[in-house]
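Take 12 as the starting number for the sequence shown in the working numbering and just add one per residue. Written below as structure tokens is the structure these notes are about.
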Amino acid sequence: MSLQFKINVLEALKEKGYTTYTLRKEQLLSESTIQKLRNGKGISWENIEVLCRLLDCQPSDLMEYVKED
12 MSLQFKINVL EALKEKGYTT YTLRKEQLLS ESTIQKLRNG KGISWENIEV
62 LCRLLDCQPS DLMEYVKED
């Protein structure tokens with residue numbers, strides 16, 4: 012995948028007070044999205060928007076384009 016996360020998103024959320032339990036309980040992110048974040052997989056634009064809102068950041072703070080050889 013050419014887009015990669017620059018930060019550990021789940022760790023950043025934890026620092027803001029959002030545990031995976033809280034994210035699921037408050038229906039902020041689904042279990043499948045949390046699993047994708049754990050595995051560094053791609054997520055939807057809607058979930059990127061949620062992450063930006065929760066972390067008070069821009070998408071470029073979360074991800075970067077890495078050119079594949």
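For every residue, glycine included, the Cβ atom is placed at its ideal position computed from N, Cα and C. As the structure is a prediction and not an experimental result, all values here were calculated from the model.
Specify the secondary structure class of residue i as computed by DSSP and reduced to three states.
i: Leu39; result: coil
i: Gln69; result: coil
i: Tyr29; result: coil
Report yes if the CB atom of residue i is closer than 7 angstroms to the CB atom of residue j, and no otherwise.
i: Leu39; j: Leu21; result: no
i: Glu57; j: Lys17; result: no
I need the boundaries of the alpha helix (DSSP H) containing residue i, first residue and last residue.
i: Glu26; result: Val20 to Glu26
In terms of residue numbering, what span does the beta strand (DSSP E) encompassing residue i cover?
i: Glu79; result: Taken as a continuous stretch (DSSP letters only), Glu79 belongs to no beta strand (DSSP E), as it is neither H nor E.
How long is the line joining the alpha carbons of residue i and residue j, rounded to whole angstroms?
i: Leu65; j: Leu24; result: 7 angstroms
i: Asp72; j: Ser43; result: 22 angstroms
i: Glu37; j: Asn19; result: 21 angstroms
Residues in its own chain within less than 8 angstroms of residue i by CB, not counting five upstream and five downstream?
i: Pro70; result: Ile59 and Cys63
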